[in-house]
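If you read the protein sequences in the order shown, they are chains Z and W. All residue numbers for the first sequence refer to the UniProt record's numbering, where the first residue is 1 and numbers rise by one. All residue numbers for the second sequence refer to the UniProt record's numbering, where the first residue is 1 and numbers rise by one. We put the beta carbon where it would ideally sit given N, CA and C, even for glycine. Since this is a predicted model, take the numbers as computed values, not measurements. Quick notes on the structure that follows.
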Amino acid sequence: MSDLLYSEVEEDLRASVRDLFKDRAEPAALITRTETAEPYDLNLWRTLAADLGAAGLAVPEALGGHGASAREVAVVMEELGRSVAPVPYLGSAVLATSALLATDTAQAEVAERLGKLAAGTLIGALAVPLSTAPGAEFPSAVTAAADGTLTGRVRSVVDASVAELLVVPAVGPDGPGLYTVDAASAGVTVTEAISLDLTRRIADVTLENAAAKRVADASTAASALDTALVTAAGLLASEQLGIAEWALTETVRYLKERYQFARQVGSFQSLKHRLANLYTDLVNARATARYAADCLASGDDIAIAVAVAQARNSPIAVHAAEEAIQLHGGIGMTWEHPAHLYLKRAKSDEIALGTPGRHRAALAPLIDLPA
Amino acid sequence: MTTVDDLNRRVAELLAAYPPESTPRQDFLDARFDAGLAWIHFPEGLGGLNAPRSLQSVVDKELAAAGAPDNDKRRIGIGLGMAAPTILAFGTPEQHQRFLRPLWTEREVWCQLFSEPGAGSDLAALGTHAVRDGDDWLVTGQKVWTSGAHKSQWAILVTRTDPDVPKHRGMTYFLCDMTAPGVEVRPLRQITGEAEFNEVFLSEVRIPDAHRLGAVGEGWKVAQTTLMNERVAIGGTEFPRDGGMVGVVTEVWRERPELRTSELHDRLLKLWVEGESLRLVSSRLRQQLAAGAPGPEGSAVKVAFSELNQAASGLEIELLGDEGLRYDDWTMRRPDGVNFLGREAGYRYLRAKGNSIEGGTSEVLRNIIAERVLGLPSEPRIDKDVAWKDLPR
């Protein structure tokens with residue numbers, strides 16, 4: 001039976017990550033940072049990824065990681081959702097790392113890159129639009145020439161703005177492949193896009209005869225890419241849980257403080273019932289997120305678990321953030337209150353890695369409920 | 001500490017001494033109770049072994065596999081889920097000895113005399129009064145929504161014994177003999193056409209003081225134990241993936257492709273996802289319980305289940321189209337309990353309306369979540385310090 005609780009080790013990890021974000025990703029500072037030339041806090045990233053070891057949790061020890069599993073990564077993702085900390089965790093530690101882990105890791109290029117990604121000394125990105133759903137057709141936006149160089153354009157790549165390594169799916173003369181590309185090399189242009197999500201950046205990647213190394217050929221490229229997308233989608237459910245949890249906690253706190261009609265606003269039944277509904281959603285989101293993380297760790301029932309978690313948690317996170325804004329009244333609409341950061345993250349997450357509708361459609365054949 | 005091996009050994013001994021194929025059902029249940037294998041978390045001598053509740057499934061599975069007879073949980077659910085834990089917590093040793101064995105072995109069926117026409121969600125406002133008469137009490141009043149009263153020998157009963165103090169303080173809890181003179185049970189026909197519930201009229205019913213549970217005036221405290229156990233019983237049921245009311249609809253979907261539309265498809269998938277996520281929540285709750293850290297999620301699960309059952313049964317008759325316009329049978333019946341799967345779609349749809357009312361309305365449960373789990377301020381109360389007799393009603 002799958003374990004849906006948190007282990008002591010996972011709780012310890014959570015405490016360290018939460019303390020770090022509490023000290024270094026305070027909401028008011030985040031809002032200010034979004035308008036500077038450095039919207040990502042790469043010092044915070046180094047502490048999280050390197051000092052706390054959060055980037056290498058799911059990477060085997062032999063490859064320089066911590067040999068833990070998706071269960072631990074999920075706990076970090078929960079805390080990322082709760083704090084919307086501006087770090088490239090999803091793109092680097094989840095998407096790029098999972099893609100390389102799903103190739104033949106005996107290759108020197110892969111082992112070396114994974115070691116650095118796990119150590120937090122290299123930032124990676126997977127060059128697909130963040131909206132790509134698991135099971136989507138292999139992307140053909142980038143073409144590999146016979147000499148192995150890549151040409152093409154990929155829009156809305158998460159964390160590409162700060163990535164040093166791009167993992168690029170491309171189609172060559174021999175069919176689909178996965179390639180590694182140094183972002184600093186000639187022929188690579190990364191153009192920052194204005195992201196709906198202020199604390200998670202996206203960029204368009206343009207490649208013009210860019211030098212690349214093929215790390216997965218036609219036999220494994222599609223499955224490696226899909227593994228990365230499935231893993232990231234399953235883990236995103238934990239981030240969505242974190243967002244919902246923040247929204248509920250903060251809203252409850254505010255409704256206890258705020259007085260109207262000579263009563264604490266939180267004593268009005270119509271509002272209490274809305275918060276009780278959010279709590280019910282949260283209980284559901286936690287169970288589905290934990291199940292998805294546990295399945296990713298054990299290898300069982302992954303496809304159904306991930307589709308359920310995404311179909312369930314995406315709308316829960318959006319609804320929780322929307323309720324937080326509504327129930328904070330006028331202040332919920334302001335720039336200085338952090339609620340908007342969470343709504344922007346929640347709505348972007350709903351589109352990221354497959355919308356709820358796409359995940360339900362993917363679920364249909366898996367559970368024998370054909371259209 | 002009882003281990004799985006201990007339990008397996010005890011089960012083997014019971015089966016050897018009372019072979020299921022040659023032992024009458026009632027004798028086997030008696031023997032199982034006396035062997036401490038009835039409810040293993042109960043004390044020794046009272047059908048249990050003081051063992052962890054989580055190991056009960058070990059016993060149940062072994063006995064079922066051996067073809068041993070069992071009691072009918074559906075028929076005696078109120079006794080098992082509500083009366084027994086309350087009697088165990090508040091009863092005297094004499095009451096433990098007198099009531100628990102026949103309750104578990106199904107010799108005596110129990111019902112619950114709590115709700116009244118004027119006291120449903122506001123249970124503490126109840127008015128059925130008990131007046132002391134020597135060694136007895138005389139009870140008069142009307143109860144309602146009483147499942148199975150027509151086949152029960154005993155009832156758990158909450159009464160008003162002091163109308164001059166605020167409502168929560170003047171109540172007393174009794175074990176009531178349903179065959180006593182003055183107890184009249186009338187069927188209460190429901191939305192489905194059947195009478196699963198009853199009204200119960202009590203006219204100077206004589207209850208010996210020895211059948212009082214807990215102290216005089218402490219009835220609310222005792223009733224809290226009953227109600228808490230009711231919620232545990234409702235929320236703790238294990239069900240499989242694609243099971244429950246959603247499973248009924250998915251079966252129709254698979255067998256009747258001609259009924260499918262794209263709009264119903266997405267709604268069905270949404271409900272399936274909700275059902276799966278509730279299955280995981282229940283599973284997580286049981287894991288928390290087994291780890292010794294029960295969470296407060298039970299009320300949330302009940303609210304969510306009610307909504308899911310109502311949505312799934314509504315989708316089912318909609319999917320059936322033409323057939324959804326028809327009903328199986330409006331004849332008044334007196335069923336043994338709720339059996340969603342024993343009737344057709346229309347019955348399920350109508351009966352599911354009760355899910356968000358029985359065992360605590362969704363509104364009351366949301367208040368409980370808001371106040372006790374989230375710590376929000378309580379509703380302003382005008383009834384807290386007023387004597388029961390002075391409350392508007």
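Grouping DSSP H, G and I as helix and E and B as strand, with all else coil, what is Ala119 (chain W)? Looking up residue 119 (chain W) in the second sequence gives position 119. Secondary structure at Ala119 (chain W): strand, using DSSP grouped into helix, strand and coil.
What residues in the segment 251-271 of chain Z bring their beta carbon closer than 7 angstroms to a beta carbon of chain W? Shown in chain order are the members of the segment 251-271 of chain Z whose Cβ falls below 7 angstroms from a Cβ of chain W: Val252, Leu255, Lys256, Gln264, Gly266, Ser267 and Gln269.
Buried or exposed: where does Thr227 (chain Z) fall if 16 or more other Cβ atoms within 10 Å of its Cβ makes it buried? On the first sequence, residue 227 (chain Z) is found 227 positions in, with the first residue counted as 1. By the C-beta density criterion, Thr227 (chain Z) is buried, having at least 16 other C-beta atoms within 10 angstroms.
Measuring alpha carbon to alpha carbon, tell me which of Z:Leu126, Z:Ala136 and Z:Pro176 ends up nearest Ser161 (chain Z). Reading the first sequence from its first residue, position 161 is the one you call residue 161 (chain Z). It is Z:Leu126 whose Cα lies nearest to the Cα of Ser161 (chain Z).
C-beta neighbour in chain Z for Lys270 (chain W), strict 8 angstroms: Walking along the second sequence from the start, residue 270 (chain W) turns up at place 270. Output row for Lys270 (chain W): interface = yes.
Between Arg360 (chain Z) and chain W, is the shortest Cβ-Cβ distance under 8 angstroms, so that the two count as touching? One-based indexing of the first sequence puts residue 360 (chain Z) at position 360. By this cut-off, Arg360 (chain Z) is an interface position.
Using the Cβ count rule (16 or more neighbours within 10 Å means buried), how would you classify Pro169 (chain Z)? As a first step, residue 169 (chain Z) must be located in the first sequence, where it is residue number 169. Pro169 (chain Z) counts as buried, since at least 16 other C-beta atoms from the protein chains shown sit within 10 angstroms of its C-beta.
Starting from Val94 (chain Z), trace the alpha helix (DSSP H) in both directions and tell me its first and last residue. Residue numbering aside, residue 94 (chain Z) sits at position 94 when the first sequence is read from its first letter. DSSP places Val94 (chain Z) in no alpha helix (DSSP H); its state is neither H nor E.
Residues sharing a beta bridge with Val190 (chain Z), DSSP: On the first sequence, residue 190 (chain Z) is found 190 positions in, with the first residue counted as 1. The partner list for Val190 (chain Z) (beta bridge, DSSP) reads Z:Val205.
So Thr288 (chain Z) and Leu280 (chain W) are supposed to be a Cβ contact under 8 angstroms. How far apart are they, rounded? Translated into positions along the first sequence, residue 288 (chain Z) becomes position 288. Translated into positions along the second sequence, residue 280 (chain W) becomes position 280. Correct: roughly 6 angstroms between the Cβ atoms.
Compare the C-beta of Thr361 (chain W) with all C-beta atoms of chain Z and state if any pair is closer than 8 angstroms. Along the second sequence, read from residue 1 onward, the residue named residue 361 (chain W) stands at position 361. Chain Z contact via Cβ: absent.
Applying a beta-carbon distance threshold of less than 8 angstroms, which residues of chain W neighbour His319 (chain Z)? Stepping through the first sequence from its first residue, residue 319 (chain Z) is reached at position 319. Chain W residues near His319 (chain Z): none, gap ~14 angstroms exceeds 8 angstroms.
Going straight from the alpha carbon of Ala352 (chain Z) to that of Thr132 (chain Z), what length do you get? On the first sequence, residue 352 (chain Z) is found 352 positions in, with the first residue counted as 1. On the first sequence, residue 132 (chain Z) is found 132 positions in, with the first residue counted as 1. Rounded to the nearest angstrom, the two C-alpha atoms are 7 angstroms apart.
In chain Z, which residues lie with their C-beta within 9 angstroms of the C-beta of Ala291 (chain W)? Here residue 291 (chain W) corresponds to residue number 291 of the second sequence, with the count starting at 1. Neighbours of Ala291 (chain W) on chain Z, chain order: Leu5.
Determine whether the beta carbon atoms of Ala25 (chain Z) and Ala85 (chain Z) lie at a separation below 8 angstroms. The residue you call residue 25 (chain Z) lines up with position 25 of the first sequence. The residue you call residue 85 (chain Z) lines up with position 85 of the first sequence. Yes. Within cutoff.
Beta-ladder partner(s) of His129 (chain W), from DSSP: Within the second sequence, the letter at position 129 stands for residue 129 (chain W). DSSP lists W:Thr140 and W:Arg160 as partners of His129 (chain W).
Would Ala309 (chain Z) and Ala292 (chain Z) qualify as a contact pair, given that the criterion is a beta-carbon distance under 8 angstroms? Within the first sequence, numbered from 1, the residue matching residue 309 (chain Z) stands at position 309. Within the first sequence, numbered from 1, the residue matching residue 292 (chain Z) stands at position 292. When the beta-carbon positions are compared, Ala309 (chain Z) and Ala292 (chain Z) come within less than 8 angstroms of each other.
Short CB-CB distance (under 8 angstroms) between Leu308 (chain W) and chain Z: As a working note, residue 308 (chain W) is residue 308 in the second sequence. Not an interface residue.
So, helix, strand or coil for Pro69 (chain W), using DSSP? Translated into the one-based positions of the second sequence, residue 69 (chain W) becomes position 69. Look at Pro69 (chain W) here: in three-state DSSP terms it is coil, with no helix or strand label.
Contacts around Asp135 (chain W), its chain only, beta-carbon distance under 7 angstroms, and the 5 residues preceding and following it disregarded: Here residue 135 (chain W) is taken as the residue at index 135 of the second sequence, counted from 1. Only residues of its own chain outside the window of five on either side were considered, and among them Pro208 and Asp209 have a CB closer than 7 angstroms to the CB of Asp135 (chain W), listed in chain order.
Within this structure, are the beta carbons of Arg360 (chain Z) and Thr199 (chain Z) separated by less than 8 angstroms? As a working mapping, residue 360 (chain Z) is identified with position 360 in the first sequence. As a working mapping, residue 199 (chain Z) is identified with position 199 in the first sequence. Result no, Cβ atoms of Arg360 (chain Z) and Thr199 (chain Z) do not sit closer than 8 angstroms.
Nearest candidate by alpha-carbon position, reference Ala122 (chain Z), set Z:Asp182, Z:Leu150 and Z:Arg153: Counting from one through the first sequence, the residue named residue 122 (chain Z) turns up at place 122. Looking at the sequence shown, residue 122 (chain Z) is not Ala but Leu. When only C-alpha atoms are compared, the closest one is Z:Asp182.
If you run the structure through DSSP and keep just helix, strand and coil, what is Ser156 (chain Z)? Walking along the first sequence from the start, residue 156 (chain Z) turns up at place 156. In the structure shown, Ser156 (chain Z) sits in a strand (DSSP, three-state: E or B).
Alpha-carbon to alpha-carbon, Asp60 (chain W) and Ala51 (chain W): Residue 51 (chain W) sits at position 51 when you count from the first residue of the second sequence. Residue 60 (chain W) sits at position 60 when you count from the first residue of the second sequence. Roughly 14 angstroms between the two C-alpha positions.
Find the residues of chain Z that neighbour Gly254 (chain W), judging by a C-beta separation of less than 9 angstroms, and give them in chain order. On the second sequence, position 254 is the one that residue 254 (chain W) refers to. The question names Gly, but residue 254 (chain W) in the sequence shown is Arg. In chain order: Asp368, Leu369 and Pro370.
Can you find at least 3 beta carbon pairs, one from the segment 170-181 of chain W and one from the segment 151-159 of chain W, that sit closer than 8 angstroms? At 8 angstroms Cβ cutoff, the stretches touch.
Can you give me the Cβ contacts of Ile304 (chain Z) inside the same chain, cut-off strictly under 6 angstroms, excluding the 5 residues immediately before and after it? Here residue 304 (chain Z) corresponds to residue number 304 of the first sequence, with the count starting at 1. Same-chain partners within the cutoff: Leu366.
With C-beta atoms as the reference, is Leu80 (chain W) less than 8 angstroms away from Val11 (chain W)? Here residue 80 (chain W) is taken as the residue at index 80 of the second sequence, counted from 1. Here residue 11 (chain W) is taken as the residue at index 11 of the second sequence, counted from 1. Annotated as distal: Leu80 (chain W) and Val11 (chain W), with beta-carbon spacing of 8 angstroms or more.
Give the straight-line distance between the Cα atoms of Arg290 (chain Z) and Glu239 (chain Z), rounded to the nearest whole angstrom. As a first step, residue 290 (chain Z) is located in the first sequence; it is residue number 290 there, counting from the start. As a first step, residue 239 (chain Z) is located in the first sequence; it is residue number 239 there, counting from the start. Computed Cα separation, rounded: 11 angstroms.
CB contact flag (Ile331 (chain Z), His340 (chain Z), <8 angstroms): Residue numbering aside, residue 331 (chain Z) sits at position 331 when the first sequence is read from its first letter. Residue numbering aside, residue 340 (chain Z) sits at position 340 when the first sequence is read from its first letter. For Ile331 (chain Z) and His340 (chain Z), no; Cβs fall outside 8 angstroms.
Per the DSSP calculation, Glu184 (chain W) is bridged to which residue(s)? As a first step, residue 184 (chain W) is located in the second sequence; it is residue number 184 there, counting from the start. According to DSSP, Glu184 (chain W) bridges with W:Phe201.
Tell me the residue span of the alpha helix (DSSP H) that contains Val181 (chain Z). As a working note, residue 181 (chain Z) is residue 181 in the first sequence. Segment Gly175 to Asp182 is the beta strand (DSSP E) holding Val181 (chain Z); no alpha helix (DSSP H) there.
DSSP state of Glu218 (chain W), grouped into three classes? Here the question's residue 218 (chain W) lines up with position 218 in the second sequence. Assignment of Glu218 (chain W) by DSSP, reduced to helix, strand and coil, places it in the strand class.
Could you give the residue range of the beta strand (DSSP E) that holds Asp177 (chain W)? Along the second sequence, read from residue 1 onward, the residue named residue 177 (chain W) stands at position 177. That run of the beta strand (DSSP E) goes Met171 to Asp177.
Taking 6 angstroms as the limit between beta carbons, can you name the residues of its chain near Gly172 (chain Z), skipping five residues before and five after? Here residue 172 (chain Z) is taken as the residue at index 172 of the first sequence, counted from 1. Sequence-distant Cβ neighbours of Gly172 (chain Z) in its own chain, meaning closer than 6 angstroms and more than five residues away, are Ala144.
What does Thr161 (chain W) touch in chain Z if you count any residue whose Cβ is under 7 angstroms from its own? Here residue 161 (chain W) refers to the residue found at position 161 when the second sequence is read from its first residue. Chain order gives no chain Z residues near Thr161 (chain W), where near means a beta carbon separation below 7 angstroms; the closest approach is about 31 angstroms.
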